[in-house]
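Heads up, the sequence shown is in full-length UniProt numbering, so the first residue is 7 and it goes up one at a time.
Cβ atoms here follow ideal geometry from the backbone N, Cα and C, with glycine treated the same way.
Quick caveat, the model's predicted, so the values are computed rather than measured.
What follows is a single structure, written as structure tokens, with notes after it.
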Amino acid sequence: IRPSVYVARLLTDNVQRELEAREDVTVDVGQEAPPSRSELLARVAGKDAAIVTLTERIDEEFFQAAGPGLTVVANVAVGFDNIDRQAAEHHGVIVTNTPGVLDGATADHTFALILAVTRRIVEGDRFLHSDQPWIWGPRMLVGLDVSAGAVLGIVGLGRIGRAVAARAAAFGMRVIAADSTLSVGQVVDGVEVVSLEDLLASSDVVTLHVPLLPSTRHLINRRTLAQMRPGSYLINCARGGVVDEEALIEAIDSGHLRGAGIDTFDGEPRVNPELLARPAIVCTPHTASAGEATRDRMGRLAVDNVLAVLNGRPALTPVPAV
Ligand code: GLV
Ligand code: GLV
């Protein structure tokens, strides 16, 4: 009999069409909205594979609900902090993610936020939508010139961090990086690796591209924010949990930071209203990978990972072991 695949949420039209046309698997597809917890557990029962997103918590209870037939869980995301890798290993389930295919889109979005906060794009848009009279002024809505040799500090020089570095170089920024997996002094793709402390002290804009791990939870906190340059900016297109949001709000309110661009939030989909209440903070709803072609590639890679494992081949992009 054909292996069964549970797809927790509707993927793009292209990916759904391709998957549903296959004759070697049966698919049980959810809705566009996330399944409730009880629906998730009920529908994965007895399945051979599951394609899930970062809105699904994949843990011991999930694996028990699935039963012994489940061999692979493909996360349609590069991040995998929604998945208990130890529980997966315990149940002999292979976990895959979607590295590589979203680097360009995520780096583009990161740059959109860098420019939005430094050049005050959203403030300007809101201003024009208000009823206030205006006229061009030499002091109006001025912000940081990124192209005048401003320093970009990239925390986490993986695939996405390097894609951000390439864009920053084209903008004439000086780029440095901190990465706990690289040694200080190393140069990667023309980017010098420095300590996190040096990066925070030297950067006009700090952008985060680390996974959320116990070691990166609240990496940006009161202490590390205080180490940032006065008048600098923070960008987070990684995971909300990497930043202590209360501390960030304090740093904005005190004027220590001039602005922040935030795509991911601690405890999504809840967004701390204090973040939204500050004009110097530009927020987007976790859309950094939301390019059309990118979302097709993410879905296809998840499907290809599932098909590989179901056919007895190695997964294409398994997540690293715990
Ligand atoms: C999105 O946040 C992802 O991890 O791909
Ligand atoms: C920087 O990436 C750090 O983890 O310290």
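Point to revise | Pick from Ile-241, Ala-308 and Asn-317 that is closest to Val-101, judged by C-alpha positions | key: The residue among Ile-241, Ala-308 and Asn-317 with its C-alpha nearest the C-alpha of Val-101 is Ala-308.
**Study point:** Where Ala-80 falls: helix, strand or coil (DSSP)
**Key:** Under the three-state reduction of DSSP, Ala-80 is assigned to strand.
Exercise for review: Using three-state DSSP, classify Leu-240 as helix, strand or coil.
Suggested key: strand
Practice item. With a cut-off of 8 Å on the beta carbons, I'd call Val-152 and Ile-120 a contact; round off their distance for me. Key: 7 Å
Practice item. State yes or no: is the C-beta of Thr-61 nearer than 7 Å to some heavy atom of ligand 1? Key: no
Check your understanding: Alpha carbon to alpha carbon, what distance is there between Ser-10 and Asp-210?
Key -> 51 Å
Review point. From Ala-154, Gly-305 and Val-170, pick the residue whose C-alpha is nearest to that of Val-161; which is it?
Key: Val-170
Review point. Does ligand 1 have even one heavy atom less than 7 Å from the beta-carbon of Thr-293?
Key: No.
Review point. Taking Cβ positions, are Val-181 and Val-190 nearer each other than 8 Å?
Key: Contact flag unset, no.
**Study point:** Of the residues Ala-113, Gly-318, Ser-295 and Ala-184, the one placed nearest Ala-176, counting alpha carbons only
**Key:** Closest in C-alpha terms to Ala-176, from the list Ala-113, Gly-318, Ser-295 and Ala-184, comes Ala-113.
**Study point:** Residue from Gln-70, Leu-150 and Glu-198 with nearest C-alpha to Gly-159
**Key:** Glu-198
Review point. Is Thr-104 near ligand 1, judged by its Cβ being under 7 Å from some heavy atom?
Key: Because some heavy atom of ligand 1 lies under 7 Å away, the Cβ of Thr-104 counts as near it: yes.
Point to revise | Identity of the residue in Val-79, Arg-125 and Val-157 nearest Arg-145 by Cα | key: Among Val-79, Arg-125 and Val-157, the Cα nearest to that of Arg-145 is on Arg-125.
Review point. With respect to 7 Å, is the separation between the Cβ of Gly-85 and the closest non-hydrogen atom of ligand 1 below this value?
Key: yes
Check your understanding: Just to confirm, does Leu-240 get its C-beta within under 7 Å of one of the non-hydrogen atoms of ligand 3?
Key -> With respect to small molecules bound, the structure shown includes ligand 1 and ligand 2 and not ligand 3.
Point to revise | Arg-306 to Ile-166 span [Cα, whole Å] | key: 19 Å
Review point. Which residues in the same chain have their Cβ closer than 6 Å to the Cβ of Val-31, if we skip the five residues on either side of it in sequence?
Key: Arg-8, Pro-9 and Val-11
Exercise for review: Pick helix, strand or coil for Val-128, following the three-state DSSP scheme.
Suggested key: Residue state, collapsed to three classes: helix.
Point to revise | CA-to-CA distance, Glu-256 to Val-328, given in whole angstroms | key: 34 Å
Review point. Taking Cβ to Cβ, would you say Val-315 is nearer than 8 Å to Thr-77?
Key: yes
**Study point:** Presumed contact (8 Å Cβ cut-off) between Glu-129 and Leu-147, rounded CB distance
**Key:** Rounded, the Cβ-Cβ distance is 6 Å, consistent with contact.
Check your understanding: Do Leu-108 and ligand 1 come close, with the Cβ less than 7 Å from some heavy atom?
Key -> yes
Exercise for review: Below 8 Å CB to CB, which residues in the same chain sit around Thr-18 once its five sequence neighbours on both sides are set aside?
Suggested key: Glu-298, Arg-301, Asp-302 and Gly-305
Review point. Under a three-way DSSP split, which group does Ile-255 fall into?
Key: Ile-255 sits in a helix when the DSSP states are folded into three classes.
Check your understanding: Given Gln-192, which residues of its chain have a CB within under 7 Å of its CB, disregarding the five upstream and five downstream residues?
Key -> Val-199
Practice item. Give the range of the beta strand (DSSP E) segment to which Ala-183 is assigned. Key: Per DSSP, Ala-183 belongs to the beta strand (DSSP E) from 180-184.
Point to revise | Beta-carbon proximity of Ala-14 to Leu-47, cut-off 8 Å | key: No, they are not a contact pair.
**Study point:** Assigned secondary structure, Ala-122 (DSSP; H/G/I helix, E/B strand, else coil)
**Key:** helix
Check your understanding: Between Leu-231, Gly-178, Leu-218 and His-215, which lies nearest to residue 2 when the distance is taken from Cα to Cα?
Key -> An answer regarding residue 2 cannot be provided, because it is not within the stretch 7 to 328 covered by the chain.
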